[in-house]
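Below is one structure, written out as structure tokens; the observations come after it.
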Amino acid sequence: MNRDTRQKGDRYRPIVTIAKTSGGKPSVVEISGSRYILDHRAENTRNRRRKYESATGRKAEDKRRRVMT
2 MNRDTRQKGD
12 RYRPIVTIAK
22 TSGGKPSVVE
32 ISGSRYILDH
42 RAENTRNRRR
52 KYESATGRKA
62 EDKRRRVMT
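Numbering (our numbering), first residue to last: 2 to 70.
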């Protein structure tokens, strides 16, 4: 099989290069030429919402602006 011809269902090993580490964990990686950055903001948002809901017993409101129809 030629490297440049990929068919649906083909399996291959991607080449992963660690570009940067933070606290001993990879924070920037390159996978098959694409750069991916670890972003904790999404995880922290979920944790904050979960802590608020457990502390107050209420569902956290979505901060995004709601459009009334």
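Where a beta carbon is used, it is the ideal one built from N, C-alpha and C, also for glycine.
In the DSSP assignment, the beta strand (DSSP E) including T18 goes from what residue to what residue? According to the DSSP assignment, T18 belongs to the beta strand (DSSP E) that extends over 17-23.
Which class does K26 belong to by DSSP, given the choice of helix, strand or coil? Looking at K26 - three-state DSSP - the assignment turns out to be strand.
R36 versus V30 - alpha carbon distance: A direct Cα-to-Cα measurement between R36 and V30 gives close to 6 Å.
Please name the residue or residues paired with S35 in a DSSP beta bridge. As computed with DSSP, S35 is found in a beta bridge with I32.
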